[in-house]
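J.:
Number of protein chains: 2
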Amino acid sequence: MSAQSSYSSHSTGFHKTKVTAIPGDGIGPEVMKAVQRILAAAGAEIDWEEAEAGAEVFKRGIATGAPQETLDSIARNGIVLKGPLETPVGYGEKSANVTLRKFFELYGNIRPVRELPGIKTPFSGRGIDMVIVRENVEDLYTGIEHMQTAGAAQCLKLITEPGSERILRLAAALTQAEGRKKLTCATKANIMKFTEGMMKRVFERIMPDYPDLEPSHMIIDNCAHQMVIAPEQFDVVVSTNMNGDIISDLAAGLVGGLGVAPSSNIGDHAAMFEAVHGSAPQIAGKDLANPTALLLSAIMMLRHIGDFAAAEKVEQALLVTLEEARNLTGDIAPKGTGVGTTAYTDQVIANLGRTSGFASRAYQPLTLPQWPEGVWHHPPQTREVTGVDVFIETGAEPPALAASLQTAVAGSGLTLKMIENRGVQVWPAHSGRPFLVDLFRCRFMLEAPRDNADAAIAQALAGIGAGHHWMHVEKLQRFDGRDGYTKAQGEN
Amino acid sequence: MSAQSSYSSHSTGFHKTKVTAIPGDGIGPEVMKAVQRILAAAGAEIDWEEAEAGAEVFKRGIATGAPQETLDSIARNGIVLKGPLETPVGYGEKSANVTLRKFFELYGNIRPVRELPGIKTPFSGRGIDMVIVRENVEDLYTGIEHMQTAGAAQCLKLITEPGSERILRLAAALTQAEGRKKLTCATKANIMKFTEGMMKRVFERIMPDYPDLEPSHMIIDNCAHQMVIAPEQFDVVVSTNMNGDIISDLAAGLVGGLGVAPSSNIGDHAAMFEAVHGSAPQIAGKDLANPTALLLSAIMMLRHIGDFAAAEKVEQALLVTLEEARNLTGDIAPKGTGVGTTAYTDQVIANLGRTSGFASRAYQPLTLPQWPEGVWHHPPQTREVTGVDVFIETGAEPPALAASLQTAVAGSGLTLKMIENRGVQVWPAHSGRPFLVDLFRCRFMLEAPRDNADAAIAQALAGIGAGHHWMHVEKLQRFDGRDGYTKAQGEN
Ligand SMILES: NC(=O)c1ccc[n+]([C@@H]2O[C@H](COP(=O)([O-])OP(=O)(O)OC[C@H]3O[C@@H](n4cnc5c(N)ncnc54)[C@H](OP(=O)(O)O)[C@@H]3O)[C@@H](O)[C@H]2O)c1
Ligand SMILES: NC(=O)c1ccc[n+]([C@@H]2O[C@H](COP(=O)([O-])OP(=O)(O)OC[C@H]3O[C@@H](n4cnc5c(N)ncnc54)[C@H](OP(=O)(O)O)[C@@H]3O)[C@@H](O)[C@H]2O)c1
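Which chain is which? The protein sequence lines are S and F, in order.
Each residue of the first sequence is one higher than the one before, counting from 313 in my numbering.
Each residue of the second sequence is one higher than the one before, counting from 313 in my numbering.
(1) Which residues in the same chain as Gly437/S place their Cβ atom closer than 6 Å to its Cβ, once the five residues preceding and following it in sequence are excluded?
(2) Just the chain S side, please: which residues come within less than 8 Å of Gly744/F by C-beta, in chain order?
(3) Counting only Cβ pairs nearer than 8 Å, list the residues of chain S close to Leu748/F.
(4) I want to verify the contact list: residues of chain S whose CB lies under 7 Å from the CB of Met510/F, in sequence order.
(5) Classify Tyr797/S as helix, strand or coil using the three-state DSSP reduction.
(6) May I ask you to check if the CB of Asp337/F is nearer than 8 Å to at least one heavy atom of ligand 4?
(7) Which chain F residues are close to Glu473/S, counting only those with a beta carbon under 7 Å from its beta carbon?
(8) Using CA coordinates, which residue listed in Ile644/F, Met584/F and Gly744/F is at the minimum distance from Ala387/F?
(9) Spatial neighbours of Leu399/S within its chain, please: C-beta separation below 7 Å, excluding the five flanking residues on both sides.
(10) Whose Cβ in chain S lies nearer than 7 Å to the Cβ of Pro692/F?
(11) Run through the DSSP bridge pairs and tell me what Ile334/F is partnered with.
(12) Out of Gly395/S, Thr653/S and Val632/S, which has the shortest C-alpha to C-alpha gap to Gly642/S?
(13) May I have the straight-line CA-CA distance separating Asn639/S from Ile431/S, to the nearest angstrom?
(14) So, Leu452/F versus Lys799/S, is the Cβ gap smaller than 9 Å?
(15) Are the C-beta atoms of Ala714/S and some chain F residue less than 9 Å apart?
(16) Select from the region 633-667 of chain S all residues with a C-beta closer than 7 Å to any C-beta belonging to chain F, and list them in chain order.
(17) Sorted by chain position, which residues of the same chain lie with C-beta nearer than 8 Å to Pro646/F's C-beta, five sequence neighbours on each side aside?
(18) For a contact meaning CB atoms closer than 9 Å, what does Gly455/S contact in chain F?
(19) Going straight from the alpha carbon of Arg349/S to that of Ala662/S, what length do you get?
(20) Is there at least one non-hydrogen atom of ligand 1 closer than 8 Å to the beta-carbon of Lys820/S?
(21) In chain order, what residues of the region 524-545 of chain F put their CB closer than 8 Å to some CB of chain S?
(22) Please look up how many angstroms separate the CB atoms of Ala333/S and Glu362/S, rounded, as I've assumed it's under 8 Å.
(23) Is the closest heavy atom of ligand 2 to the C-beta of Ala601/F under 8 Å?
(24) Considering only C-alpha positions, which residue in the set Pro396/F, Ile769/F, Lys414/F and Val425/F is nearest to Met539/F?
(25) Which whole-angstrom value is the C-beta distance of Arg481/S and Ile422/S, which I expect to be below 8 Å?
(26) If we call anything under 9 Å between Cβ atoms a contact, is Arg755/S one with Leu728/S?
(27) Relative to the C-alpha of Phe506/S, which candidate in Glu709/F, Pro523/F, Ile456/F and Pro474/F has its C-alpha closest?
(28) So what does DSSP say about His458/F, is it helix, strand or coil?
(29) Alpha carbon to alpha carbon, what distance is there between Gln460/F and Met612/F?
(30) Could you give the distance in angstroms between the alpha-carbon of His742/F and the alpha-carbon of Ala536/S?
(31) Can you find a CB in chain S that lies within less than 9 Å of the CB of Thr679/F?
(32) Let me know the secondary structure DSSP gives Gln348/F once reduced to three states.
(33) How would you label Asn555/F, buried or exposed, when you count the other beta carbons within 10 angstroms and need 16 or more for buried?
(34) Does the CB of Asp763/S have a neighbour CB from chain F at under 9 Å?
(35) Could you name the residues of the same chain whose beta carbon sits closer than 6 Å to that of Val632/F, not counting the 5 residues immediately before and after it, in chain order?
(36) Would you tell me roughly how many angstroms separate the C-alpha atoms of Pro527/F and Asn534/F, rounded to the nearest one?
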């Protein structure tokens, strides 16, 4: 089932598509109004349903920043155009943007990066034209943090097989829909073989399903480097959440910055389109804001709902306006010629129907892979527990700690194999001189395979807990005969 | 105690400083030889002690890629100039570079990024001149990964208070030593309040100790964006390990790429200087390699050991050579004028004593903060355990899982508070539609404060383990009255 058909069932009457419009904070309402005027003038058949989110909602005490009516409107319509949202200091721990992405599982963040006429940058004329596809819900953004000791903080980086497959298939579908060829997967798989390596392995597994594409893998730091050295080499780049966050902002900078950068957030049940910039409170309400980024986002939305004609018409009018550089807003206008949001919007409307020197792509409908409902669960054929890592807070030196742990676990069926500090084995000692903090990971192995590893672990933990603060436990598991845990630096 | 004096105790005789030279793999030996010739011609008083590391060492079966004699030489001399090292596929899990950094706790990776004469880039003429200081041993690079289920991978991101303080004080000392003012700390503290927030908080705590500096904080994605939009605004930028990895490669790209990028890796007991590029095996042994990056690294080394005169002389000769663009290696020469490594080296030597149009900084000795030996341990005044997070593998839907867990922990003193999947609360349910994978985090809270939380946890785990696969446990701790754990998206 294509994304297009899955959303069109929400449309009202014959033509009009219902879209949830969230004007948001700061300059949001102004740029939203400008975009709605342009889309109406272009004949886009949209039935807007306005909904609230952001600063005012937080201040009314709603900790998510989005009231139930807004969530219901999104669930009903499945398509959202959104202005910037603020999270006022002191209200709620989480941003309303992240809430919307997470609640609706908008797992694909799509950021087109294309040279625009009239927007001068050091890379102008080189034909930069790429799309960054960033995984939007996993990775460090799951926000799972635990202080291990008063001075040692931990965040879990989680990457799953289905999460990787979903974003990679979305990236491949997008590459095809835009008539592109090269799909670059950028990870740090060389250092994080399990997590970042997960995305790389899934990429290698599924790319044979797309024989028309040209897949390649690049280390993320080299990717950032290449983007500055030779950005025109990239077509579609897909990455994990944190790394994708950095390179998508980098890439936006190559073509003029966040102020003209559009984006979409795509999931199985909803798609949300928004400018990358924020609420620019300093210029809010002054008819100074540039609506280009939200307009480019709305053009993405039009293509997403299948209205390719209106998308094309609005895009060409915008490109003509930028090309001719008449009546642009102050942030992008030639010196001394800046006009207001309203006058710029009028100019774009006046240019509807004209064609720019910039070619358009032959866009095709984007067909999103559909996933079964229910919990993704692929248990291994065989599994085995071989030991346990116990994280301990102590000020003791490694030899003393080791001696005390050996005594503590005696008789449990587990034996101390090694102790490490921030990834480097410190017992048995090697010849290096690591700096030690009060968080030690102590690895215990089962002396013999056994069915009730849990009992051995429980006994060991009881022994350890009698003399030490432990705060974190990881079972050492083997799945289908392969170790599901890495070794410490220096561990044999 | 300054770094300079701490190392000078290793020097031999009156003048000569003993330096461990690791030529390394591929083009390493050629560029090392070139640099040694230039330093000798400049009168730098160095007594080289050659040592082995890299591909050949791995192939002899030494899993670290560095034999004991090399480690001993580094421990003895404290100063290393190193060529690129390869990790041959199939030998050892860890790279020899990472091993050296970790074993000697080289916690500060310093990457100067300065526009060079004759190296044309889109940013030429804008006067880019910054230093990226990257934390080099913590964060995701501790390499602690555990498969939670067969389809869900986890890596621990660890950031400690002393680790942050060490790198931040190094960055501040470097800013002062180079006569700079602005120090920008780049983190993702807005999303990872504990880990990335740790570096931000320590930055805010210690910066009053440096009233001559101008400190500021920037979100890392915005930093990547600003580096492309307005790189000349940056002076010294300090960041956590993974983020620093990406922005340092990005920044190198702004001034000509990794091929001319030097670096140092600094610790309490050793400092290692190396080019950022790799072993370029395609051109190895052909007298084609450009020694500039290693030469720039050697200039950093000369300043580090206090030989400012030789550093200045070599740097000016190099700058004159680049300025005049005669006898450059093929990678940077004007079309058709490239020469070999040897001829380029001869040209630099011929230019020793000349002065370029490029000003030199007034470098001062770098004074590294000294840290006490022993385990860093700052226990809190008060501590409390309030509950436990248990990570469970299951294909069950959240309501069924919740019911079974409630039964499993009955009588333990712990109560199920919520269940989340990849950071989003799924029980009690909210109105979103998250995609579920087979890894659930289940949060249990103690019904009443108690001293022996361990006993309650043990009883609960036994109950849970009877019906479920658990693989990971995190105690919920409060330190000095503050929660040491974050809430899930949607959790109250
Ligand atoms: N997706 C989102 O909802 C989102 C994204 C980012 C930030 N935010 C929120 O927005 C608030 C402000 O964030 P921020 O100041 O970091 O970033 P920002 O709102 O993007 O503003 C930064 C600067 O960029 C310029 N700018 C941005 N958009 C513009 C436009 N459409 N037209 C003209 N100029 C524009 C303005 O520069 P001049 O001052 O030079 O005119 C503005 O001061 C914060 O509360 C933040 O959390 C929300
Ligand atoms: N710190 C380190 O020890 C370190 C760092 C990075 C990589 N490595 C290792 O080095 C090996 C090769 O890595 P790689 O191919 O990714 O990167 P690389 O060795 O830096 O080579 C990439 C390309 O850059 C050019 N290049 C690099 N250094 C040059 C120099 N000094 N003079 C002239 N051209 C130079 C060459 O381009 P042309 O082919 O166009 O001439 C080369 O093919 C791998 O085994 C890798 O693990 C080690």
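Note that the Cβ used here is the ideal one computed from N, Cα and C, for glycine as well.
T.: Inspection of the coordinates gives the following:
(1) As a working mapping, residue 437/S is identified with position 125 in the first sequence. None.
(2) Sequence index remark: in the second sequence, residue 744/F carries index 432 (1-based). Within 8 Å Cβ-Cβ: Leu383, Lys414, Phe415, Phe416 and Glu417.
(3) Translated into positions along the second sequence, residue 748/F becomes position 436. Per Cβ cutoff of 8 Å: Gly686, Val687 and Trp688.
(4) Translated into positions along the second sequence, residue 510/F becomes position 198. The answer, in chain order, is Ala465.
(5) Taking the first sequence and counting its residues from 1, one reaches residue 797/S at position 485. Here DSSP, grouped into helix, strand and coil, assigns Tyr797/S to strand.
(6) Among the ligands in the structure shown, ligand 4 does not appear; only ligand 1 and ligand 2 can be found there.
(7) Within the first sequence, residue 473/S is the residue found at index 161, counting from 1. Near Glu473/S (Cβ distances below 7 Å), the residues of chain F are Gly463.
(8) Within the second sequence, the letter at position 75 stands for residue 387/F. When each option's Cα is compared against that of Ala387/F, the closest is Met584/F.
(9) On the first sequence, position 87 is the one that residue 399/S refers to. It should be pointed out that residue 399/S corresponds to Thr in this sequence rather than to Leu. Answer for Thr399/S: Phe370, Gly377, Ser407 and Ala408, listed in chain order.
(10) As a first step, residue 692/F is located in the second sequence; it is residue number 380 there, counting from the start. Here the neighbours are Ala462.
(11) Reading the second sequence from its first residue, position 22 is the one you call residue 334/F. BP columns for Ile334/F point to Lys394/F.
(12) If you number the first sequence from 1, residue 642/S lands on position 330. Ranking Gly395/S, Thr653/S and Val632/S by Cα distance to Gly642/S puts Thr653/S first.
(13) As a working note, residue 639/S is residue 327 in the first sequence. As a working note, residue 431/S is residue 119 in the first sequence. Roughly 14 Å separates the two Cα atoms.
(14) Numbered from its first residue, the second sequence carries residue 452/F at position 140. Numbered from its first residue, the first sequence carries residue 799/S at position 487. No, the Cβ-Cβ distance between Leu452/F and Lys799/S is not below 9 Å.
(15) In the first sequence, the residue the question calls residue 714/S occupies position 402. No, because no Cβ of chain F sits closer than 9 Å to the Cβ of Ala714/S.
(16) none
(17) Residue mapping note: residue 646/F aligns to position 334 of the second sequence, counting from 1. These residues qualify, in order along the chain: Ala637 and Leu640.
(18) Walking along the first sequence from the start, residue 455/S turns up at place 143. Within 9 Å Cβ-Cβ: Ile503, Met504, Lys505, Gly735, Thr798, Lys799, Ala800 and Gln801.
(19) As a first step, residue 349/S must be located in the first sequence, where it is residue number 37. As a first step, residue 662/S must be located in the first sequence, where it is residue number 350. Approximately 12 Å between the Cα atoms of the pair.
(20) Outside the displayed span of chain S (313 to 804) sits residue 820/S, for which this structure offers no information.
(21) Ile532, Asp533, Asn534, Ala536, His537, Gln538, Met539, Val540 and Ile541
(22) For the purposes of this step, residue 333/S is taken as residue 21 along the first sequence, with counting starting at 1. For the purposes of this step, residue 362/S is taken as residue 50 along the first sequence, with counting starting at 1. The pair is a contact, with the Cβ atoms about 5 Å apart (cut-off 8 Å).
(23) Position 289 of the second sequence, counted from the first residue, corresponds to residue 601/F. Result yes, Cβ under 8 Å from ligand 2.
(24) As a working mapping, residue 539/F is identified with position 227 in the second sequence. Measuring from the Cα of Met539/F, the nearest candidate turns out to be Val425/F.
(25) Working through the first sequence from its first residue, we reach residue 481/S at position 169. Working through the first sequence from its first residue, we reach residue 422/S at position 110. Going by Cβ atoms, the distance from Arg481/S to Ile422/S rounds to 13 Å, so no, they are not a contact pair.
(26) Your numbering for residue 755/S matches position 443 in the first sequence. Your numbering for residue 728/S matches position 416 in the first sequence. For Arg755/S and Leu728/S, yes; Cβs fall inside 9 Å.
(27) Residue mapping note: residue 506/S aligns to position 194 of the first sequence, counting from 1. When only C-alpha atoms are compared, the closest one is Ile456/F.
(28) As a working note, residue 458/F is residue 146 in the second sequence. It is a strand residue.
(29) Locating residue 612/F in the second sequence gives position 300, where the first residue counts as 1. Locating residue 460/F in the second sequence gives position 148, where the first residue counts as 1. The straight-line gap from Cα to Cα measures roughly 44 Å.
(30) Within the second sequence, the letter at position 430 stands for residue 742/F. Within the first sequence, the letter at position 224 stands for residue 536/S. Rounded to the nearest angstrom, the two C-alpha atoms are 38 Å apart.
(31) Taking the first residue of the second sequence as 1, we reach residue 679/F at position 367. Closer than 9 Å: no.
(32) Here residue 348/F corresponds to residue number 36 of the second sequence, with the count starting at 1. It is helical.
(33) Stepping through the second sequence from its first residue, residue 555/F is reached at position 243. When all chains shown are included, Asn555/F counts as buried.
(34) If you number the first sequence from 1, residue 763/S lands on position 451. Cβ-Cβ to chain F under 9 Å: no for Asp763/S.
(35) Taking the first residue of the second sequence as position 1, residue 632/F is located at position 320. So the list reads Asn663, Arg666 and Ser668, once near-sequence residues are dropped.
(36) As a position in the second sequence, residue 527/F is number 215, starting the count at 1. As a position in the second sequence, residue 534/F is number 222, starting the count at 1. Cα to Cα, the separation comes out at about 16 Å.
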